[in-house]
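Since the structure comes first, as structure tokens, the remarks are kept for the end.
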Amino acid sequence: MSVISNYTEDNIRSLDWKEHIRMRPGMYIGKLGDGSSPDDGIYILLKEVLDNSIDEFVMGAGKTIDISISDTGVSVRDYGRGIPLGKVVDVVSKMNTGGKYDSRAFKKSVGLNGVGTKAVNALSSSFKVESCRDGKIKAVSFEQGNLILDQQIEESSKRKGTKVTFVPDDVIFKKYKYRAEYVSKMLKYYVYLNPGLTIVFNGEKYISENGLKDLLEDNNDIEKLLYPIIHLKGDDIEVAITHSKIQYSEEYYSFVNGQHTTQGGTHQSAFREAVVKVVRDFYGKPYDASDIRKSIISAVSIKVMEPIFESQTKTKLGSTEMGGDLPTVRSYINDFIGKYLDNYLHKNPETSEKIQRKIVQAEKERKELSGIRKLARERAKKSNLHNKKLRDCRVHLGDMNKENRLDSTLFITEGDSASGSITKSRNVNTQAVFSLRGKPLNCYSMSKKIVYENEEFNLLQAALNIEDSIEYLRYNNIVIATDADVDGMHIRLLLITFFLQFFPELIKEGHLYILQTPLFRVRNKKETIYCYSEKERIEAFKKLGSKPEITRFKGLGEISPNEFKHFIGDSIRLDPVMLDENFSIEELLSFYMGKNTPDRQKFIIDNLKVELDRIDS
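Residue numbers (my numbering): -15 to 601.
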């Protein structure tokens, strides 16, 4: 017989604003994380504060923003109008208070009605705001959203503007660290979208003269672009378009009101549609949409009045209207591309000829692949019914209504024992497992045909849902989980080669990681410490004293499911796979996966690490 619990007035709680944010941070900033992923909460905190400074610049107030980040603390100083002094406390601590409810003041704002700074305040162990305007200054300080200092308005000779200083709360963000690479990328996007803006980050200046054209040039090897970047600008819209000579998939950078919409949305869909329509009309031929868009690399930015995003983190646009007396987002983009891209193609016959040759080549390759692709899809359908390779999870990246969608993770493992341990210890809601059979194929310099011919690659592509573009990627984090030995390293390299060769945008957008697993377990009867390096092992040995038991893990399969859950849970350690700006993808692949050149041999010898088992310390 089931027991019916009491449900009375005592069960009903009303949370104040900061309690709600601290209890359900995911509703406001997405996932928490430790800083190893670009969408971790600590970067969202920075972005929310920065968005307000950007809004000031957009409104014509303040051309420079100073940012400094130490190990934990963050400071953002703008030279805008400054928060009205009598409302400084309210703006950062009272919900439904902000300047952006008045569309006349902030017609196309980035920030969302001041909710962002309130979330930063509630999730920080220390939060301080200084506002300077009209020769006066007002400063307030908070701890975990609680007001601890409310200074009187004083005379000041400081330049007008706002300074926000905060320290993310380590109770919520455990063992976090800001990675300069992610911050740098975020700031570059801000300056691409705001010509004339200067951001100074820890002494380094960021500025862009050519907007989205600079974005494409900075993120791609110019020699590998099929033709010079087409750069078109209009009222509330800017686009940059080119095609890659070597890339297979489509790649888009899309923005709304300066916000990087990594999940796309209505504007990205309209842009893809518009490019296809213009190209068909220009050449007078009904080319297949996939042939037109194959290898396209482009960026689109629009400004919308009061945009509606599908989540607080603003990664996907839901708005269908531009706002005011303007047409729909779809019509606006189609009309702009229809006029200006068509004009460009007429005026630049060399570019239009290259585009047509690219489309014809793509069509030829598609038809050659069609038979193989059909067989592969039939095989994938059959295997999906009883696919032993994929153990799926319940929540995926595209589930915009799910608070934990950013935690969606696919572990790629090798061997039955390792995949078995992860499968048994994983979080079935957000963690999926894909099991490899031995070493994957070295696909360096191979064509896309191999993805369909090779069953493992085809099933991996299907699991990720990235055949044509990463817009519908099913998992936010793709984690390579192999042993830390020579064979494991080789498998990592082969998988990274696969992604670099066919889906480089997955790496560019920060989705690919290597799982760190412990090398040692050091324990006594009271405490167990897992160590990820020789240094950590020595420290643990000293801490536990009197000769604790030391176990060396030779492989993932040796770690029991009960232990494994600690390594893929809240304390998971991930190394992001990043592209070095100094090397092109082709150069990297050629170096690591090409023929054994003396250069590579020297690199391996110089960087080879040999770990010896030690009996004692």
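Note that the Cβ used here is the ideal one computed from N, Cα and C, for glycine as well.
Residues that DSSP places opposite residue i in a beta bridge
i, result
"S228", "L209"
"R505", "Y514 and T535"
"K112", "S125 and T149"
"H215", "A224"
"F395", "V417 and V463"
"E235", "I281"
"L558", "L499"
"D50", "R61 and V184"
"F293", "L301"
"V167", "For V167, which the question treats as bridged, DSSP gives no partner whatsoever."
"N130", "E127"
"R117", "K120"
Own chain, CB closer than 8 Å to residue i, minus 5 neighbours either side, in chain order
i, result
"T312", "T304, E305 and M306"
"S274", "A346, R350 and D452"
"I292", "L301, G302 and S303"
"V259", "I225, I276, R277, I280, S282, I321 and L325"
"L369", "The predicted position of L369 is uncertain, since its pLDDT is 49 and thus under 50; a value taken from the coordinates is nonetheless stated next. Cβ neighbours of L369 beyond the five flanking positions: none."
Same chain, Cβ closer than 6 Å to residue i, neighbours up to 5 away in sequence not counted
i, result
"E362", "none"
"E234", "R277, I280 and S453"
"T466", "E398, G472, I475 and R476"
"L181", "F41 and V175"
"I214", "I225 and Y328"
"T535", "R505"
"N508", "L528 and P532"
Spatially closest choice to residue i from the options, by CA coordinates
i, options, result
"K161", "S125, L200, I552 and G25", "G25"
"M473", "T146, E398 and S115", "E398"
"C116", "F157, S141 and C427", "S141"
"L34", "S52, R256 and G17", "S52"
"E437", "E455, A416, R410 and R357", "R357"
"K229", "I543, Q485 and M562", "Q485"
"Q340", "E165, L196, V263 and L394", "V263"
"E440", "K432, S429, S431 and L425", "L425"
"T602", "E387, E3, I343 and D467", "The requested residue 602 is not part of the displayed model; the chain covers only -15 to 601."
"M7", "G218, E387 and S336", "E387"
"D309", "F320, G322, M289 and F293", "M289"
"G100", "V58, D376, Q135 and I13", "I13"
"V435", "K492, F483, L499 and G248", "F483"
"I38", "P68, I183 and K120", "I183"
"R389", "L443, T414, D376 and K373", "T414"
"L353", "R421, K432 and A283", "K432"
"I191", "S168, Y236 and K423", "S168"
"L605", "L69, H330, S21 and S403", "No answer is possible for residue 605: it lies beyond the span of the chain, which begins at -15 and ends at 601."
"N461", "I552, N318 and K526", "I552"
Exposure label - residue i; buried when at least 16 CB within 10 Å
i, result
"I206", "exposed"
"L479", "buried"
"G494", "buried"
"Q243", "buried"
"K189", "exposed"
"L448", "buried"
"V148", "buried"
"E222", "buried"
"K102", "buried"
"P9", "buried"
"I450", "buried"
"K197", "buried"
"L359", "exposed"
"L209", "buried"
"G44", "exposed"
"R521", "buried"
"S87", "With a pLDDT of only 48 at S87, under 50, the local geometry of the prediction cannot be trusted, and the value read off the model is given with reservation. So S87 ends up on the exposed side."
Sequence-distant residues of the same chain with beta carbon closer than 7 Å to residue i, five excluded per side
i, result
"G19", "I26, Y160, K161, Y162 and R163"
"D153", "L107, S108, S109 and Q128"
"Y63", "G46, T48, R143, K144 and G145"
"V104", "L29, E32, V33, F111 and F150"
"G66", "S115, C116, R117, K144, G145 and T146"
Supposed close pair residue i, residue j - CB separation, criterion 8 Å
i, j, result
"V113", "V76", "6 Å"
"L216", "Y324", "5 Å"
"Y497", "D559", "6 Å"
"V379", "S392", "6 Å"
"E489", "I454", "5 Å"
"L199", "F185", "About 17 Å separates the two Cβ atoms, so there is no contact after all."
"I406", "F504", "Contact doesn't hold; Cβ gap of about 20 Å is too wide."
"T245", "T299", "6 Å"
"R557", "Q500", "4 Å"
"S285", "F239", "4 Å"
"P179", "E193", "7 Å"
CB contact check: residue i to chain D, cutoff 8 Å
i, result
"F551", "Given the protein chain composition of this structure (a single chain), no chain D is represented."
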